[in-house]
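K.L.:
Position 233 of the sequence shown, counting from 1, maps to 234 under the working numbering, and the rest follow consecutively.
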Amino acid sequence: MKYSILVIGGGASGLMAAYSAAKTLVASGSDASVAVVEKMPKPGRKIMITGKGRCNFTNLKPWNAFSTHIRSNQNFVKGAFHSLPPEKVIAFFESFGMKTVIERGDRAYPASYHASDVVDTLVNACNSVGVKILCDTEVLGLERIPDGFVLTTGAGSISCRRLILATGGLSYPTTGSTGDGYRWASELGHGIEPQFPSLTAMVPDGYKDTSLRGHIARETPLSEFGARLCGVQLKNVQVSLFVEGSPCGDEFGDIDFTDGGLEGPVGFQLSRKAVKALSNGSRVSLSIDMKPGVPLQELSARVKELWAEVDKDPRSRGLHEKEKCRIMLGKLMPWDLIPGFVAANPSIMTLERRSRTETKVWVNLPTIAKALKEWKFDIRGYVGYERAVVTAGGVSTKDILSKTMESRVVPGLYFCGEVTDMDCDTGGYNLQCAFCTGNLAGENAAKSMIDK
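1) With distance defined between alpha-carbon atoms, name the residue in Val285, Glu220, Ile380 nearest to Ser247.
2) Please identify the residue among Tyr4, Lys399, Tyr173 whose C-alpha is closest to the C-alpha of Asp422.
3) What did DSSP end up calling Met203 once you bin it into helix, strand or coil?
4) Measuring straight from C-alpha to C-alpha, what distance separates Cys161 and Leu279?
5) Determine the extent of the beta strand (DSSP E) in which Leu141 is found, giving its start and end residues.
6) Determine the direct distance from the alpha carbon of Cys434 to that of Arg105, and round the result to whole angstroms.
7) Given Thr154, which residues of its chain have a CB within under 8 Å of its CB, disregarding the five upstream and five downstream residues?
8) Who are the near neighbours of Arg1 in its chain, counting only those whose CB is closer than 6 Å to its CB and skipping five residues on each side?
9) Around the Cβ of Gln298, are there at least 16 other Cβ atoms within 10 angstroms (buried) or fewer (exposed)?
10) Going by CA-CA distance only, name the one from Gly429, Lys448, Cys425 that's closest to Phe77.
11) Near Val124, what residues of its chain come up, given a Cβ to Cβ distance below 8 Å and the 5 sequence neighbours on each side ignored?
12) So, is His321 buried or exposed, given that buried needs 16 or more other C-beta atoms within 10 angstroms?
13) Between the C-alpha atoms of Gly177 and Met406, what's the straight-line distance to the nearest angstrom?
14) Quick one: is Phe150 buried, meaning 16 or more other Cβ sit within 10 Å of its Cβ, or exposed?
15) Identify whether Arg162 lies in helix, strand or coil by the three-state DSSP scheme.
16) Figure out for me which residue from Phe258, Lys47, Ile91, Asp148 has the closest Cα to the Cα of Gly413.
17) Assign Arg72 to one of two classes, buried (16 or more other C-beta atoms within 10 Å of its C-beta) or exposed (fewer than that).
18) Quick check on Asp257: buried or exposed, where buried means 16 or more other Cβ atoms within 10 Å of its Cβ?
19) From which residue to which residue does the beta strand (DSSP E) around Tyr415 run?
20) Counting pairs of Cβ atoms below 8 Å between the region 93 to 111 and the region 44 to 59, do you hit three or more?
21) Do the region 309 to 316 and the region 325 to 334 touch if we need at least three Cβ pairs shorter than 8 Å?
22) Helix, strand or coil for Asn365, going by three-state DSSP, please let me know.
23) By DSSP's criteria, Phe243 is part of a beta bridge. Which residues make up the other side?
24) Taking Cβ to Cβ, would you say Ala36 is nearer than 8 Å to Leu7?
25) Which same chain residues, not among the five before or five after Ala156, have their C-beta less than 8 Å away from its C-beta?
26) Would you decide whether Val244 is buried or exposed? Buried here means 16 or more other CB atoms lie within 10 Å of its CB.
27) From Arg303 to Ile349, what distance separates their C-alpha atoms?
28) Between which residues of its own chain and Leu338 is the CB-CB distance below 7 Å, once the five residues before and five after are set aside?
29) Which whole runs of the alpha helix (DSSP H) in the region 27 to 90 are 4 residues long or more, in chain order?
30) Tell me whether Asp118 is buried or exposed, calling it buried when 16 or more other Cβ atoms sit within 10 Å of its Cβ.
31) Quick one: residues in its chain with C-beta nearer than 6 Å to the C-beta of Asp251, no 5 flanking neighbours on either side, listed in chain order?
32) On the criterion of 16 or more Cβ atoms from any shown chain inside 10 Å, does Val102 qualify as buried, or is it exposed?
33) Where does Leu166 land, buried or exposed, given buried means 16+ other C-beta within 10 angstroms?
34) Suppose the cutoff is 6 Å on Cβ atoms and the five residues either side in sequence are ignored; what does the same chain contact list for Val384 look like?
35) Reducing DSSP to helix, strand and coil, say where Pro293 ends up.
36) I'd like to know whether the C-beta atoms of Ser283 and Ala370 end up nearer to each other than 8 Å.
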C-alpha cells in the first residue's frame, strides 16, 4: 500500500494531524492520500479513559497562564498553541456537532461528559476529508528510503512520502502506548530525553503492604494504615513537597487517598517532581496543611474551644478521652478521615500508666493543631506507567522545528503529542498540546507536498 502521508498512532494528536493534513490537501485541490496506522482495534483508546471517561479536552486559559502549566519546553509549544488555540479547538469540535461546557478552572468538556463523543468527533472529522484509518495494524519496523519511508506491518509493507510519528508515550500501555516511537526516533538519529511517569499516584511510607521503594505497582495490597485512608478526599488544602528536606513545590486544592496512593489534582501536580527525585535516589516527603486559611496560633485556640465544648456537653458524660477526642476531630475534618489521621499521628494522645491497674489518656491539643497544619508523609514510591496519566521525557525538542513540527535530522518526518519531550499539568493542558502540535504537524506535512 502507498500513501502520501502516514500517521503512526490513532490517538488525540495523531487523529488531529491526519485531519489537518487531509483538510489542507483537499483545500489545495490535491488528490494526495492520508492514512492513520493504529495498532489497537479502535482509535482513541487513551482518550476514552481521560478524566475518568469525562474527557477534559482543553483549557481556555490564554497563553501566558496556560504556559505555566507546561512542565517542559514551553517555547517549543508556543507556535503550535497559537496556530490552534483552545477557542479554535472548541470551535472545531462544535463544528462537527459536539456541544461543549466550560467548568471551574477554564476546563472544557463535551456537554455529554462522554469521552466517546470526543473520539467519535475526531473520527468523523477524519472521514469527512477522506482519511483512511487502518486499525489492528501494528508497525513492526520503520525504514527511511530516498523519497520517503517504508513501514513493515503484520499485514505487509506500507510506504509514504511524509511520516508523522504520533505514537504517544509509555503511560497506560494497555491502550497501545508502548514507547515504540522512541525506538524508531532514536534509530533515525534523534536524541531521546529520559522518560518517567508523570501525573501519577505517590505512595506514602506504610501505605502499601510492601518493602519496595520507587516503582510500586498499583495492585500492591494496601496496609492497614492505607485501608483506613483509602477513599477519603481532602478539599481546599495546601500541600508542600520536599526533596532532601528542601521545599520544591507547593499546591492548593484537592487531594485524594486512593488504592494507588495520593492522587487528585494536587497530588498529580506534585507527582512529577516527586517521581523524578525518587528515581534519582533522593528522599521525598510532603506536608498537608488542612487549614491553610487559619494561622497555627488561631487554630490552637479553636481546638481548645472545641475540646471545652465537647467536654462540657452533657452527652459526653461517661465517655472516655479517646471517644471525646474523636467527637472533637469530627468538627475539624471529614469523619471518615479520623481513623487514618489518628493512626498517622499517634502523639495526639498520650497514655500515662499510673499503676498496675490504672492508666490515664491525655489528649494533646497543641499537637492536634500542629498536625492539622503539618501532616507529614514520607513518600516511599509511586505508581508506574500502568496508571500514570502522561509520560515525561521523550524525543528531544532540540531535534524538532517548533514552527512546523518537522525533524531537524530527517526531512519529511514530523512529530506531535506525547512522543515528544513535552508534558503538562492535569486540567486539559495535555490534550490541548496534543491537538495543537498534531494540527501543526499535519498542516506542514501537507504543505511540504503541495509546495513540491
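Using N, Cα and C, we set each Cβ at its ideal position, and we do this for glycine too. Being a predicted model, the structure only gives us computed values, none of them experimental.
P.N.:
Taking the coordinates as given:
1) Val285
2) Nearest C-alpha to Asp422: Lys399.
3) strand
4) 42 Å
5) 140 to 146
6) 20 Å
7) The residues are Val38, Thr138, Glu139, Val140, Leu141.
8) Outside the modelled stretch of the chain, which goes from 2 to 453, sits residue 1, for which no answer is possible.
9) exposed
10) Cys425
11) Leu16, Pro44, Gly45, Ile134
12) exposed
13) For the pair Gly177 and Met406, the Cα-to-Cα distance works out to about 23 Å.
14) Buried is the call here.
15) strand
16) The shortest CA-to-CA distance from Gly413 to any of Phe258, Lys47, Ile91, Asp148 is the one to Asp148.
17) When all chains shown are included, Arg72 counts as buried.
18) buried
19) 414 to 416
20) yes
21) yes
22) coil
23) Pro248, Ser286
24) yes
25) Thr138
26) buried
27) 16 Å
28) Cβ neighbours of Leu338 beyond the five flanking positions: Val233.
29) Whole alpha helix (DSSP H) segments, 4+ residues: 46 to 49, 64 to 67, 75 to 84.
30) buried
31) Ser241
32) exposed
33) Label assigned to Leu166: buried.
34) Taking Val384 as the centre and dropping the five residues before and after it, the same chain places the C-beta of Thr201, Ala202, Arg219, Gly261 closer than 6 Å to its C-beta, in chain order.
35) coil
36) no
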